[in-house]
Amino acid sequence: MKFTIVGAGSSYTPELLEEMAVRRDSLPVKEIVLYDIDENRLNIMHGFCERFAKKLNLDVKIRATLDLDDALYGADFVDTQIRVGLNAQRVVDEKIPLKYGLVGQETTGAGGMMKAFRTIPVMLNVAERMEKLAPSGWIINYTNPTGLVTEAVTRYTNANIAGFCSGGIFPKMWAKSSMGIEYDRVQYDYVGLNHMNFISNITIDGRPITQEEFDKLAETNGEVNPELSRLLGVLSSPYLQYYYHTTKKVNSLLAAPKTRGEYVQELEKEVYDAYADPNNADKPAALAKRGGGGYSEVAMNFVNAVYNNIDTEMVVNVPNNGAVSFLPDTAVVEIPCLVNKRGMAPIHVGKVPEMCWGLIAAVKNYEQLAVEAAVEGSVDKMKWALLAHPLVREYELVEKLVPELLEANKAYLPQFKL
Ligand code: G6P
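Following this line, the structure appears as structure tokens:
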């Protein structure tokens, strides 16, 4: 198996190796190709991965390349984890909306839209090269915003892509950390979009959970008020905090000494110093302070399901095609799918909790317009997208935000001809 990592300079790369080591008996990964556009980070990561693989007793050839076609050619799986403009641009995404009293966040609101604008052209290029160089291979996408990236790739190319987020296993993680219950004992209905999803009908060993167990899960989620979760009777993605607690959230973002992106920049330095140390073969402790933990587990679970043709239920970002009755077929939704060698088949999602419809529909409306704006380089569609977004919506704000956001991102938006 050839496994390629696009954006291999990401701090998370070693976690993929770790997961490969756990599954070494069932997944014969022969070659790992590390690709990045940053030669320095690529070399550091390559050195560390060699040491880490040795420590894990992972018998695999690891090589690094700056040539995308070389990386993609004949790949069975291509994990994409890029951050166009790095965390410096993330900080810009966080700060501009906040100036106007709006949520400033990596994937949510106007900032998340700019991340999508920077990322979609680069990801479409990767997907188009995949179509030519590895037409039966799979893109496993972790690049944020994963819902919009997956929608762009599925609407505009024929590449195989599965869009993931560690959020799909959050209820399992919450059950494990609060009650010590193993993942495979916990099942649930899951519906919505990436970072806009709702979890209901939760069972443990097939029996409905008790109110006490529900409360424990809601408290472990924490970001959304547990009392609110009780009132709704469903658990929500932690990102619903930006919708259900908007004023409180904006105030706390304004009061914070630094943004999450600024904090992550400091963490990255610590993590990378550890990776660069030629005597170090251990995963840096600071990595545990990042939010993306668990994603390698999901990624390799997908590889296992496809490669070994093992029917596996997984939450994936896929084109709707009727699964959620009130959304267009092309809309990418985050729902449970049956995964095996044939790919992904959405599982009927059941009843969508009625108090969640409006938010899901509005945010999908924004997402579809944002994807089109990103591809067409259309300023008008960019404005439509923001007008449709429940966290922006006001015309006067949109007119102020748009020129500022475009100016701050112009180095990364060739499609907008600025
Ligand atoms: C969660 C989200 C990811 C996001 C990450 C941010 O895992 O699901 O979409 O990328 O948090 O973590 P960070 O450490 O970069 O703030």
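Under my numbering, think of the first position of the sequence shown as 619, with each following residue one higher.
Note that the Cβ used here is the ideal one computed from N, Cα and C, for glycine as well.
Every value quoted in this text rests on a predicted model; they were computed, and no experiment measured them.
> Any contact of the segment 818–836 with the segment 666–685, i.e. 3+ C-beta pairs under 8 Å?
Replying inline: no
> Going straight from the alpha carbon of Leu-1009 to that of Gly-692, what length do you get?
Replying inline: 42 Å
>> Ala-917 and Asp-697 - do their beta-carbons sit closer together than 7 Å?
In response: yes
> Since Glu-931 sits in a beta bridge, which residues does DSSP pair it with?
Replying inline: Leu-956
> Cβ-heavy atom distance between Ser-784 and the ligand G6P below 6 Å?
Replying inline: yes
> How should Tyr-1013 be labelled, buried or exposed, when 16 other C-beta atoms within 10 angstroms of its C-beta is the threshold for buried?
Replying inline: exposed
> With distances taken from CA atoms, which of Lys-713, His-1007, Tyr-806, Arg-701 is nearest Lys-876?
Replying inline: Lys-713
>> Taking the straight line between their C-alpha atoms, what separation do you get for Pro-646 and Met-619?
In response: 6 Å
>> Taking the alpha carbon of Thr-864 as the reference point, which residue from Asn-843, Arg-747, Arg-669, Pro-954 has its own alpha carbon closest?
In response: Asn-843
>> Considering just the uninterrupted stretch of the alpha helix (DSSP H) at Met-962, what are its terminal residues?
In response: No alpha helix (DSSP H) contains Met-962, which is instead part of the beta strand (DSSP E) from 961–964.
>> Looking at the ligand G6P, does it come within less than 6 Å of Arg-642, judged from the CB to the closest heavy atom?
In response: no
>> Quick check: what's the CA-CA separation for Asn-1027 versus Val-702?
In response: 10 Å
> So who's on the other strand from Asn-759, going by DSSP bridges?
Replying inline: Thr-698, Gly-781
> Quick one, are the C-beta atoms of Leu-601 and Phe-735 less than 7 Å apart?
Replying inline: Within the shown structure, residues of the chain are numbered from 619 to 1036, placing residue 601 beyond reach of any answer.
>> Check this for me: beta carbons of Val-809 and Val-933, under 7 Å apart or not?
In response: no
>> In whole angstroms, give me the CA-to-CA distance for Leu-850 and Arg-642.
In response: 42 Å
> Is the number of C-beta pairs between the segment 938–957 and the segment 758–775 that are closer than 8 Å three or more?
Replying inline: yes
> Got a sec? Which residues, its chain only, sit under 6 Å from Glu-880 by beta carbon, not counting five neighbours each side?
Replying inline: Val-709
> Taking just the CA atoms, how far does Leu-635 sit from Thr-622?
Replying inline: 12 Å
> From Glu-586 to Met-1000, what distance separates their C-alpha atoms?
Replying inline: Because the chain is modelled from 619 through 1036, residue 586 falls outside the range shown and cannot be assessed.
>> Less than 6 Å separating the Cβ of Arg-878 from some heavy atom of the ligand G6P?
In response: yes
>> If I measure Cβ to Cβ from Thr-821 and keep anything under 6 Å in the same chain, skipping five residues before and after, which residues do I get?
In response: Gln-805
> For the 8 Å Cβ check, are there 3 or more pairs between the segment 744–760 and the segment 885–897?
Replying inline: no
>> So, with DSSP's three-state summary, where would you put Leu-645?
In response: coil
> Which of helix, strand or coil does DSSP assign to Ile-738?
Replying inline: helix
> Of all the alpha helix (DSSP H) runs that stay within the bounds of the segment 836–904, which reach a length of 4 or more residues?
Replying inline: 844–850, 859–862, 864–873, 878–894
> Based on the DSSP secondary-structure assignment, which residues constitute the bridge partners of Met-814?
Replying inline: Leu-811
> Taking only runs of the beta strand (DSSP E) that begin and end inside the segment 628–693, which ones reach a length of at least 3 residues, in chain order?
Replying inline: 649–653, 679–683
> What first and last residue would you give for the alpha helix (DSSP H) that runs through Ile-978?
Replying inline: 975–994
> If you check the beta carbons only, do Arg-630 and Ser-784 fall under 7 Å apart?
Replying inline: According to the sequence displayed, residue 630 carries Tyr and not Arg. Not a contact, by the Cβ cut-off of 7 Å.
> Closer than 6 Å: is that where the CB of Gly-910 sits relative to any heavy atom of the ligand G6P?
Replying inline: yes
> Just how far apart, CA to CA, sit Arg-747 and Asp-823?
Replying inline: 44 Å
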